[in-house]
């Protein structure tokens, strides 16, 4: 049967879905608003849920490239809380199913992962296509672009993020929520000199530093298992994947679960020098390694941060239009589950659409099951990530694969 899938959005979830559909022999096209693979975002926490979806959807060489460009296995892959003097206050496992014991899924550079996911999709990945909406009926769906043009297909997948034009039309009652989390993110080059003075807990996974003034720092190391250029040359020669040197991601702001959290303003438009000065002021008198880390921040990587999330949608009637990732369950970064959840969606939707294309299941039946399972598995994580009590609790939310 002729079957064509339209994907609105070329982020991590949309590209993973496209790779899965191509691997399954299903026609698809991705329409991304941006003019290329953007530079937004830095280090992403990965777990076995996201890693298994990548293994399912990617060709073997690209999955191996993902593994080889992911972070070296730390001594322990944990979420570690430190005080501002570098002393450990507590640690807990990251959420997710049991990890690979040989090469655990740890962390990746966001842009690197997007570039890997885009390899081989040149003929179906279309940049510069901001989405305006859609029309659908019993025969198909039309994706509408802001310039007045359109394309048609059998299914439309909204993978266009928290501000999804598709979701706003399909589920207009879903609200974007503001938890008041403000701050900035940045990176500092990870040199041998810096590594020697940082608190040991910084290297044990992902760490937060509790400040005494109602703010916090979040710190995550990215040191790839293998030099990226070397891995690309062997596994995907000629692929457009940038080389990235090891770094430490440094985020500063007011965390969602801080009992003495202070209100911070939006920092949009604030000069980078002022952002850096604020970070330095808030780390004064802390562990010398943390002070040096903030001193060494590359100002060109500094960017304001304002966290938003979606309220969970009530069940909706299934149609030819479905959603994945941040377009339907954008969440605060409390558990590092956002990217993994989007990849999980891509893997499950690949399975569902493969059944449809092969004639094993009717379209609406397959999509209804995908949507119901997504709500059951991911919405509890969304709710917990926005709940200060759940974020502070030792009772971790479950993030387990469906087992199929």
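Numbering (the UniProt record's numbering), first residue to last: 1 to 404. By construction, the Cβ of each residue, glycine as well, lies at the ideal position given by its N, Cα and C atoms.
8 Å Cβ cutoff met for residue 188 and residue 298: Yes, these two residues count as a Cβ contact at 8 Å.
Buried versus exposed, by CB contacts within 10 Å (16 or more), residue 404: In this prediction, residue 404 scores a pLDDT of 46, lower than 50, which makes its location untrustworthy; no coordinate-derived value is stated.
Unbroken beta strand (DSSP E) run spanning residue 385, endpoints: Residue 385 -> not in any beta strand (DSSP E); alpha helix (DSSP H) instead, spanning 363-385.
8 Å Cβ cutoff met for residue 175 and residue 306: With contacts defined as CB atoms closer than 8 Å, residue 175 and residue 306 fail to qualify as a contacting pair.
Distance between residue 232 and residue 135 (C-alpha atoms, nearest Å): Spanning the two alpha carbons is a distance of roughly 41 Å.
Start-end ranges of the beta strand (DSSP E) lying completely within the stretch 92-125, minimum 3 residues: Secondary structure within the stretch 92-125: the beta strand (DSSP E) runs of 3 or more consecutive residues, fully enclosed, are 107-109 (chain order).
Where residue 163 falls: helix, strand or coil (DSSP): Collapsing the DSSP output to three states places residue 163 in coil.
Own chain partners of residue 104 with C-beta closer than 7 Å, once the 5 adjacent residues on each side are dropped: Answer for residue 104: 73, 77, listed in chain order.
Given residue 205 as reference, the closest of 171, 246, 91 once Cα atoms are compared: Ranking 171, 246, 91 by Cα distance to residue 205 puts 91 first.
Between the CA atoms of residue 346 and residue 3 - distance to the nearest angstrom: Residue 3 and residue 346: Cα-Cα distance of roughly 18 Å.
Nearest candidate by alpha-carbon position, reference residue 152, set 5, 359, 225: Nearest to residue 152 by alpha-carbon distance, out of 5, 359, 225, is 5.
Per-residue DSSP class, three states only, for residue 351: Residue 351: helix per DSSP, three-state reduction.
Residue 30 beta carbon less than 8 Å from that of residue 15: Cβ distance < 8 Å, so residue 15 and residue 30 count as in contact.
Residue 89 classed as buried or exposed, judged by whether at least 16 other C-beta atoms fall within 10 angstroms: The residue is exposed, with fewer than 16 neighbouring Cβ atoms inside 10 Å.
Outcome for residue 293 when other beta-carbon atoms lying within 10 angstroms are tallied against a minimum of 16: Classification for residue 293: buried.
Helix, strand or coil at residue 133 according to DSSP, with G and I counted as helix: It is a strand residue.
Among 385, 70, 202, the one whose alpha carbon lies nearest that of residue 110: Comparing Cα positions, the closest option is 70.
Residue of 113, 318, 285, 311 minimising C-alpha distance to residue 137: If we check each option's Cα against that of residue 137, 318 comes out closest.
Own chain residues within Cβ distance below 7 Å of residue 272, not counting five before or after: A distance below 7 Å between beta-carbons, with the five flanking residues on each side excluded, links residue 272 to the following residues of its chain, in chain order: 299, 302.
8 Å Cβ cutoff met for residue 287 and residue 86: Taking 8 Å as the Cβ cut-off, residue 287 and residue 86 qualify as a contacting pair.
Contact test: residue 339 Cβ vs the ligand SAH heavy atom, cutoff 7 Å: Here there are no bound small molecules, and the ligand SAH is not part of this structure.
For residue 401, three-class secondary structure by DSSP: Any reading at residue 401 is ruled out, since the residue's pLDDT is 47, under 50, leaving its predicted position unreliable.
Buried or exposed by the 16-neighbour rule on C-beta atoms within 10 Å, applied to residue 191: Looking at its Cβ environment, which holds fewer than 16 other Cβ atoms inside 10 Å, residue 191 is exposed.
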